[in-house]
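Asks: Take the sequence shown: its letter number 81 is residue 77 in the working numbering, and every next letter is one higher. Backbone N, C-alpha and C define an ideal beta-carbon position, used for all residues, glycine too.
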Amino acid sequence: MSFFCFHCFGYNDQSWSVSLANSGCTFWHNEMKIKIPNPCSSRMGLYLNHKAGTLSFYSVSCSEQLVLLHKVQTTFSQPLYPGFMVSKGASVKIIKQQ
């Protein structure tokens, strides 16, 4: 079942997302998609520097190694909030950076 959503993550100019699938990772913003060539793991990292205008998505390996998947450089004019879209049977765990 597929659907199109104007308000879903990455389908508008106010959100950015990385989707994970068996076929790999895809970056989404404003209905535009970019296939990510780097391998993805089921663990993702996200780094936001609001002042500098950067939002970076990482794949996190079992050994805690970070692999940059995609980096956004923009001007953030409003606060940013995390959101998660999770498939049935999957879960999200937020881990504070140490």
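Quick one: is Leu51 buried, meaning 16 or more other Cβ sit within 10 Å of its Cβ, or exposed?
Replies: As a working note, residue 51 is residue 55 in the sequence shown. Buried.
Asks: For Phe72, write down the residues that DSSP places opposite it in a beta bridge.
Replies: Residue numbering aside, residue 72 sits at position 76 when the sequence shown is read from its first letter. In DSSP, Phe72 forms no bridge with anything.
Asks: Please report how far the alpha carbon of Ser110 lies from the alpha carbon of Val82, in whole angstroms.
Replies: Nothing in the structure corresponds to residue 110, since the chain is present only between -3 and 94.
Asks: Check each candidate in Thr22, Val14, Pro33 and Arg39 and name the one with the smallest Cα separation from Val88.
Replies: Here residue 88 refers to the residue found at position 92 of the sequence shown. Nearest C-alpha to Val88: Arg39.
Asks: Restricting to runs no shorter than 3 residues, where is the beta strand (DSSP E) found entirely within the stretch 7 to 36?
Replies: As far as the stretch 7 to 36 is concerned, its whole beta strand (DSSP E) runs of at least 3 residues are 12 to 17, 20 to 25 and 28 to 32.
Asks: So, helix, strand or coil for Tyr77, using DSSP?
Replies: Numbered from 1 along the sequence shown, position 81 holds the residue referred to as residue 77. The answer is coil: DSSP assigns Tyr77 none of H, G, I, E or B.
Asks: May I ask you to report which of helix, strand or coil DSSP gives Ser83?
Replies: Working through the sequence shown from its first residue, we reach residue 83 at position 87. Coil.
Asks: Going by C-alpha distance, which of Met28, Asn34 and Glu27 is nearest Phe53?
Replies: Your numbering for residue 53 matches position 57 in the sequence shown. Selected option, being the one with the closest Cα: Asn34.
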